[in-house]
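Engineer:
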Amino acid sequence: EAGVAQSPRYKIIEKRQSVAFWCNPISGHATLYWYQQILGQGPKLLIQFQNNGVVDDSQLPKDRFSAERLKGVDSTLKIQPAKLEDSAVYLCASSPLRRGSSYEQYFGPGTRLTVT
Amino acid sequence: RKEVEQDPGPFNVPEGATVAFNCTYSNSASQSFFWYRQDCRKEPKLLMSVYSSGNEDGRFTAQLNRASQYISLLIRDSKLSDSATYLCVVTHSGGYNKLIFGAGTRLAVHP
Chain A
2 EAGVAQSPRY
12 KIIEKRQSVA
22 FWCNPISGHA
32 TLYWYQQILG
42 QGPKLLIQFQ
52 NNGVVDDSQL
62 PKDRFSAERL
72 KGVDSTLKIQ
82 PAKLEDSAVY
92 LCASSPLRRG
102 SSYEQYFGPG
112 TRLTVT
Chain B
430 RKEVEQDPGP
440 FNVPEGATVA
450 FNCTYSNSAS
460 QSFFWYRQDC
470 RKEPKLLMSV
480 YSSGNEDGRF
490 TAQLNRASQY
500 ISLLIRDSKL
510 SDSATYLCVV
520 THSGGYNKLI
530 FGAGTRLAVH
540 P
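Top line first, the protein sequences correspond to chains A and B. Residue numbers for the first sequence, in our numbering: 2 to 117. Residue numbers for the second sequence, in our numbering: 430 to 540.
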């Protein structure tokens, strides 16, 4: 079974530039997550999709971050404009959906973003 | 205060040692509990779920104390390959499987 795919794996940009990340979840997984992991910290949820609808974006800095999941499959996360503190690994994860229960989340390899 | 707190370590132990990690969580409504493992520059992967009755998977034992809001992971007979960061994770009730991660405890097993 193919895992969660992400691209690019690495990205270096200057502050105030824009950047976009792409994620393709495991086939059939209804739920897709974007996490931000700053060095030395655990992953922090930015946004969660159930099919193509947003169920949690409470920790997404909406003034600069946006995400979409068209057709309930692939997803893109965009940062515009980037700040130095956005330097982190951006992890995409997916899981099958069952309301009221917790299922394992499968993570992609992540995109390592460096903002200079 | 962070919602999930862990000792960051690092724990430096010799092969064959027994090592224990502790984790506390602040939200009494937390519903499910897990340990994830993250190798250096890799993605997190589920190590094991944690149940109130305690559970064991080979050399790994996880325990949960809901009254104290405390989770533990015990690794027996440590191997070099156990070197990684161990992330304590909780979810809330509400049905949307939101994971709250601790910052992780780093383990280094040496020969």
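We put the CB at the ideal spot given by N, CA and C, even for glycine.
Along the chain, where does the beta strand (DSSP E) containing T534 of chain B start, and where does it finish?
Structural biologist: Counting from one through the second sequence, the residue named residue 534 of chain B turns up at place 105. Start and end: 534-539.
Engineer: Which value, in whole angstroms, describes the spacing of the CA atoms of D64 of chain A and K79 of chain A?
Structural biologist: Taking the first sequence and counting its residues from 1, the one referred to as residue 64 of chain A is at position 63. Taking the first sequence and counting its residues from 1, the one referred to as residue 79 of chain A is at position 78. Rounded to the nearest angstrom, the two C-alpha atoms are 11 Å apart.
Engineer: Cα separation between Y107 of chain A and P443 of chain B?
Structural biologist: The sequence position of residue 107 of chain A within the first sequence is 106, counting from 1. The sequence position of residue 443 of chain B within the second sequence is 14, counting from 1. Straight-line Cα distance between these residues: approximately 31 Å.
Engineer: When you compare only the Cα positions, how much space is there between A6 of chain A and T77 of chain A?
Structural biologist: One-based indexing of the first sequence puts residue 6 of chain A at position 5. One-based indexing of the first sequence puts residue 77 of chain A at position 76. Those two C-alpha atoms are separated by around 12 Å.
Engineer: Evaluate E86 of chain A with the Cβ neighbour count: other Cβ atoms within 10 Å of its Cβ, from every protein chain shown; 16 or more gives buried, anything less gives exposed.
Structural biologist: Start at 1 with the first residue of the first sequence, and residue 86 of chain A comes out as number 85. Exposed, since its Cβ has fewer than 16 Cβ neighbours within 10 Å.
Engineer: For chain A, is any of its Cβ atoms less than 8 Å away from the one on P473 of chain B?
Structural biologist: The sequence position of residue 473 of chain B within the second sequence is 44, counting from 1. It does: the Cβ of P473 of chain B has a partner Cβ on chain A nearer than 8 Å.
Engineer: Please give the ranges of any beta strand (DSSP E) in the region 11-66 of chain A, keeping only runs that are unbroken, at least 3 residues long and fully inside the region.
Structural biologist: 11-14, 20-25, 32-38, 45-51, 54-57
Engineer: Output needed for G73 of chain A: all residues of its chain with C-beta closer than 6 Å, excluding positions within five of it in sequence on either side, in chain order.
Structural biologist: Numbered from its first residue, the first sequence carries residue 73 of chain A at position 72. If we look at G73 of chain A and ignore the five residues flanking it on each side, its Cβ neighbours are N52, N53.
Engineer: At the level of alpha carbons, what is the spacing between Y499 of chain B and K12 of chain A?
Structural biologist: As a working mapping, residue 499 of chain B is identified with position 70 in the second sequence. As a working mapping, residue 12 of chain A is identified with position 11 in the first sequence. Taking the straight line joining both Cα atoms gives about 38 Å.
Engineer: Just to confirm my understanding: we take L183 of chain A, look at its own chain, exclude 5 residues before and 5 after, and list those with CB closer than 8 Å. What are they?
Structural biologist: A question about residue 183 of chain A goes unanswered here, because the residues of chain A that appear run from 2 up to 117.
Engineer: If I'm right that Y454 of chain B touches V479 of chain B with Cβ under 8 Å, what's the distance once you round it to whole angstroms?
Structural biologist: Taking the second sequence and counting its residues from 1, one reaches residue 454 of chain B at position 25. Taking the second sequence and counting its residues from 1, one reaches residue 479 of chain B at position 50. No, Y454 of chain B and V479 of chain B are not in contact; Cβ-Cβ is about 11 Å, not under 8 Å.
Engineer: For N25 of chain A and R10 of chain A, what's the separation of their Cα atoms in angstroms?
Structural biologist: One-based indexing of the first sequence puts residue 25 of chain A at position 24. One-based indexing of the first sequence puts residue 10 of chain A at position 9. Answer to the nearest angstrom: the Cα atoms are 13 Å apart.
Engineer: Round the Cβ separation of E485 of chain B and G111 of chain A to the nearest angstrom and send it over; I've been treating them as touching at under 8 Å.
Structural biologist: Within the second sequence, residue 485 of chain B is the residue found at index 56, counting from 1. Within the first sequence, residue 111 of chain A is the residue found at index 110, counting from 1. E485 of chain B to G111 of chain A, Cβ: 31 Å. No contact.
Engineer: Between A:P82, A:S95, A:R113, which has its C-alpha nearest S28 of chain A's C-alpha?
Structural biologist: Stepping through the first sequence from its first residue, residue 28 of chain A is reached at position 27. Ranking A:P82, A:S95, A:R113 by Cα distance to S28 of chain A puts A:S95 first.
Engineer: Just reading off the beta strand (DSSP E) that Q106 of chain A is part of, what are its end residues?
Structural biologist: As a position in the first sequence, residue 106 of chain A is number 105, starting the count at 1. Premise fails: Q106 of chain A is in no beta strand (DSSP E) and is neither H nor E.
Engineer: When you compare only the Cα positions, how much space is there between V518 of chain B and Q18 of chain A?
Structural biologist: To locate residue 518 of chain B, count along the second sequence from 1; it is residue 89. To locate residue 18 of chain A, count along the first sequence from 1; it is residue 17. Cα to Cα, V518 of chain B sits roughly 33 Å from Q18 of chain A.
Engineer: Rounded to whole angstroms, what is the Cα-Cα separation between I14 of chain A and Q38 of chain A?
Structural biologist: Here residue 14 of chain A refers to the residue found at position 13 when the first sequence is read from its first residue. Here residue 38 of chain A refers to the residue found at position 37 when the first sequence is read from its first residue. Their Cα atoms are separated by approximately 18 Å.
Engineer: Quick check on the burial criterion: 16 or more other C-beta atoms within 10 angstroms. Buried or exposed for G109 of chain A?
Structural biologist: One-based indexing of the first sequence puts residue 109 of chain A at position 108. That one is buried.
Engineer: Can you give me the C-alpha to C-alpha distance between L92 of chain A and H539 of chain B, rounded to a whole angstrom?
Structural biologist: Your numbering for residue 92 of chain A matches position 91 in the first sequence. Your numbering for residue 539 of chain B matches position 110 in the second sequence. Near 29 Å, if we compare the C-alpha coordinates of H539 of chain B and L92 of chain A.
Engineer: Does the distance from the CB of K84 of chain A to the CB of V116 of chain A come in under 8 Å?
Structural biologist: Counted from its first residue, the first sequence places residue 84 of chain A at position 83. Counted from its first residue, the first sequence places residue 116 of chain A at position 115. If you check the CB distance, K84 of chain A and V116 of chain A come in under 8 Å.
Engineer: In whole angstroms, what is the alpha-carbon distance linking R488 of chain B and S8 of chain A?
Structural biologist: Mapped onto the second sequence, residue 488 of chain B falls at position 59. Mapped onto the first sequence, residue 8 of chain A falls at position 7. The straight-line gap separating the alpha-carbon atoms of R488 of chain B and S8 of chain A is approximately 36 Å.
Engineer: The beta strand (DSSP E) that contains V90 of chain A, what's its start and end?
Structural biologist: For the purposes of this step, residue 90 of chain A is taken as residue 89 along the first sequence, with counting starting at 1. V90 of chain A -> beta strand (DSSP E) spans 89-96.
Engineer: Looking at R466 of chain B: is its Cβ nearer than 8 Å to the Cβ of Y515 of chain B?
Structural biologist: Translated into the one-based positions of the second sequence, residue 466 of chain B becomes position 37. Translated into the one-based positions of the second sequence, residue 515 of chain B becomes position 86. Yes, Cβ-Cβ distance for R466 of chain B and Y515 of chain B is below 8 Å.
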